[in-house]
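Q: The opening position of the sequence shown corresponds to residue 375 in this note's numbering, with each subsequent residue numbered one higher.
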Amino acid sequence: HPATLIAPYATTAGTTDFPTYWLFEGRLGIVAITLVCGALLAISGMLYQNVFKNPIAGPGMLGASSGVSVGFVVVILLFGAGATSTEALGVRYALTYGTGALTIAFVMLAGWWLSGRNHPFDIVTMMLLGAITGQLFGFVTSFITLFVMDTETYELYFELSQMLTVDTSLYSFMVLGGATLVSVVPIVFLRYRMNTLAFEEEEVRLLGLSFTGLRAVALICGGIMILAAQAHIGALGLVTVVIPFVARSLFGCEFTKQLGGSIVLGMLFCVTCRLIADCIPFVGQGIAIGSVASVAILPLFVYVMSTKSRGWE
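Structure follows, in structure tokens:
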């Protein structure tokens with residue numbers, strides 16, 4: 375791989391000599407990207423939980439993850455072994471962001487039309503559309519990986535889609551920074567108005583605010599956040615569900631407190647998973663941060679299910 379694509383497992387020194395961990399080339403860049411993506415994942419989950427007033431809601435319900443996976447498949451088919459090269463970076467991000475964005479746009483527009491004006495963005499309709507779209511894209515991805523790709527190509531696809539090799543180039547930081555600004559800045563400016571998502575639509579209209587407009591901003595910005603996170607560190611869908619709910623339990627339901635708490639917990643959780651994935655002994659190409667997160671999230675999930683209400687007050 376090019377020098378700008380630094381693999382966490384590029385050397386085994388970290389498994390035996392932890393003090394040299396931070397001396398690895400590009401290590402700080404990997405951690406920085408992980409911190410930003412951890413914050414994006416937590417905020418996106420928090421937004422969707424507030425919009426739908428449901429602790430199991432998340433941006434993954436719109437099929438964004440499946441759309442990004444299709445984008446990675448197309449990149450592999452176009453570039454083959456050169457998919458991780460610097461020459462393919464522009465096309466990679468265009469396809470992953472593009473397919474994911476188109477998926478979210480389709481589900482939102484179809485959900486708007488099917489839900490009707492009286493119940494825009496109905497949660498049941500959106501979840502059904504997202505599930506159908508996700509299954510369709512999942513079938514396409516499975517068919518290509520099983521019957522079109524050979525073993526070496528599939529290994530490359532797995533490495534790329536799971537972000538076993540983290541892109542720490544300037545181009546990566548520019549793309550991630552742009553997506554972060556576009557999605558986070560509107561939420562920060564509207565953070566006080568976002569508190570109205572906890573009220574009924576009729577009550578919000580009496581305050582002179584557009585309930586549908588606020589919902590649309592939250593859904594779109596949250597969708598952009600999960601697209602950026604998955605394109606740069608891989609799929610960590612459970613983070614968008616559990617971390618915001620824990621933050622709400624610890625810091626309260628006021629939106630600014632939820633926002634700050636979700637950012638802190640999301641960053642800490644994801645960077646911890648990154649450190650574990652980078653430092654534990656392993657063989658082969660390495661272990662994905664998503665695999666570590668899936669195991670590490672279980673104690674938090676048990677905590678939520680055993681000590682907190684399953685409803686949404």
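C-beta: ideal position from N, C-alpha, C; glycine also.
Take residue 434 and list the residues in its own chain whose beta-carbon comes closer than 6 Å to its own, dropping the five residues that flank it on each side.
A: Within the same chain, residue 434 has close Cβ partners 611.
Q: Please return the same chain residues whose Cβ sits closer than 8 Å to the Cβ of residue 634, not counting the five positions on each side in sequence.
A: Counting only Cβ-Cβ distances below 8 Å, and skipping sequence neighbours, we find 625.
Q: Going by the CB atoms, is the gap between residue 597 and residue 413 shorter than 8 Å?
A: No, they are not a contact pair.
Q: How far does the alpha helix (DSSP H) with residue 610 in it reach, from first residue to last?
A: No alpha helix (DSSP H) contains residue 610, which DSSP labels as neither H nor E.
Q: Anyone know if the C-beta pair for residue 591 and residue 564 falls short of 8 Å?
A: Yes, the Cβ-Cβ distance between residue 591 and residue 564 is below 8 Å.
Q: Would DSSP call residue 540 helix, strand or coil?
A: Looking at residue 540 - three-state DSSP - the assignment turns out to be strand.
Q: Please state if the CB of residue 411 and the CB of residue 607 are separated by a distance shorter than 8 Å.
A: Closer than 8 Å, so yes.
Q: Just checking, does the segment 572 to 581 make contact with the segment 498 to 507 on the three C-beta pairs under 8 Å criterion?
A: Because the criterion of three Cβ pairs below 8 Å is not met, the segment 572 to 581 and the segment 498 to 507 do not touch.
Q: Consult DSSP for residue 558 and reduce its assignment to one of helix, strand or coil.
A: If DSSP states are grouped into helix, strand and coil, residue 558 belongs with the helices.
Q: Roughly how many angstroms separate the alpha carbons of residue 448 and residue 469, rounded to a whole number?
A: Each residue's alpha carbon lies about 8 Å from the other.
Q: Can you find at least 3 beta carbon pairs, one from the segment 612 to 619 and one from the segment 539 to 548, that sit closer than 8 Å?
A: Too few Cβ pairs lie closer than 8 Å, so no.
Q: Measure the alpha-carbon distance for residue 666 versus residue 419 and round it to whole angstroms.
A: So the two alpha carbons sit approximately 19 Å from each other.
Q: Where does the unbroken alpha helix (DSSP H) through residue 573 begin, and where does it stop?
A: Where residue 573 is concerned, there is no enclosing alpha helix (DSSP H), given that its DSSP letter is neither H nor E.
Q: How many angstroms separate the CA atom of residue 428 from the CA atom of residue 548?
A: Taking the straight line from one Cα to the other gives about 34 Å.
Q: Report the option in 570, 529, 478, 642 whose CA atom is closest to the CA atom of residue 416.
A: Considering only alpha carbons, the answer is 642.
Q: Could you give the DSSP three-state label for residue 433: helix, strand or coil?
A: Helix, per DSSP.
Q: Note the first and the last residue of the continuous alpha helix (DSSP H) segment covering residue 527.
A: Element bounds for residue 527: 525 to 535.
Q: For residue 488, which residues of its own chain have a beta-carbon under 6 Å away from its beta-carbon, when the five flanking residues on both sides are left out?
A: Excluding positions up to five away in sequence, the list reads 499.
Q: Any heavy atom of the ligand COA closer than 7 Å to the Cβ of residue 645?
A: As far as ligands go, the structure on display features none, and thus does not contain the ligand COA.
Q: Pop quiz: residue 405 and residue 604 are said to be a contact at Cβ under 8 Å. What is the actual Cβ separation, rounded to whole angstroms?
A: The Cβ separation is near 18 Å, so there is no contact.
Q: Classify residue 601 as helix, strand or coil using the three-state DSSP reduction.
A: Residue 601 falls in the helix class under three-state DSSP.
Q: If I measure Cβ to Cβ from residue 651 and keep anything under 6 Å in the same chain, skipping five residues before and after, which residues do I get?
A: Only 661, 663, 666 meet the Cβ criterion.
Q: Measuring CB to CB, does residue 620 end up less than 8 Å from residue 674?
A: A contact, by the Cβ cut-off of 8 Å.
Q: Please state the DSSP three-state secondary structure of residue 662.
A: DSSP places residue 662 in coil when its eight states are reduced to three.
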